[in-house]
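The sequence shown begins at 5 in the numbering used here and counts up by one. Read through the structure below, which is laid out as structure tokens, and then see the notes.
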Amino acid sequence: MENAMKYVVTSMISALVGSFSIASAAPVTLTIEEVEARGGTLLVGLQTEDQFLKTAGIAGQLIPSPSSGTHTVSLDVPAGRYSVSVLHDVNDDQDMAVNASGMPEEGWTMYNAEQLRGAPTFELVGFDVDETGTDLTLHMIYPTADQN
5 MENAMKYVVT
15 SMISALVGSF
25 SIASAAPVTL
35 TIEEVEARGG
45 TLLVGLQTED
55 QFLKTAGIAG
65 QLIPSPSSGT
75 HTVSLDVPAG
85 RYSVSVLHDV
95 NDDQDMAVNA
105 SGMPEEGWTM
115 YNAEQLRGAP
125 TFELVGFDVD
135 ETGTDLTLHM
145 IYPTADQN
């Protein structure tokens, strides 16, 4: 899972750097709940199936020093199937910190994250966007003291 999550983070960073305006785009509105005020930056990225777990992304946004609570992000993409990844990069190193067991030491989430029991697959974390867009609610997952 460690390598898969690092690819997800790299994809998010690429999405943020490579974001551009898209004709005939539909809004993907992400409501990110249970964010903790830990400093750093919240990295939010969307990937197509071809970009999934690779160093590319279609859209993204950075939220520096996020406050506790809920954050809303809207990203415009063409209709299609996508995955979303969120990392709370507390130490701003643009990499997911993991412990010796490979478990994340920073907050993260994906669509259907609560169903993951191993490395994410596009089939499990993907969602559809039609011409009118879509709204998703994501819940951040932070490590507990006994996981470190």
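We treat Cβ as the ideally placed atom computed from N, Cα and C, and that holds for glycine. Predicted, not measured: the structure shown is a model, and the values here were computed from it.
Check Q51 in the structure and name its three-state DSSP category.
strand
I'd like to know if the segment 105-115 and the segment 73-84 are in contact, where contact means that at least 3 CB-CB pairs between them fall below 8 Å.
no
Roughly how many angstroms lie between the CA atoms of D80 and E109, to the nearest whole one?
Straight-line measurement puts the Cα of E109 at about 30 Å from the Cα of D80.
Please report the Cβ distance between I36 and L142, rounded to the nearest whole angstrom; I am assuming they are in contact, meaning their Cβ atoms lie under 8 Å.
Contact flag correct, Cβ pair sits at about 5 Å.
Hey, how far is the Cα of F24 from the Cα of Q65?
Because the pLDDT of F24 is 48, which lies under 50, any placement of that residue in the model is unreliable, and the number read from its coordinates should be weighed accordingly. Near 11 Å, if we compare the C-alpha coordinates of Q65 and F24.
Can you tell me where the beta strand (DSSP E) with V32 in it begins and where it stops?
30-39
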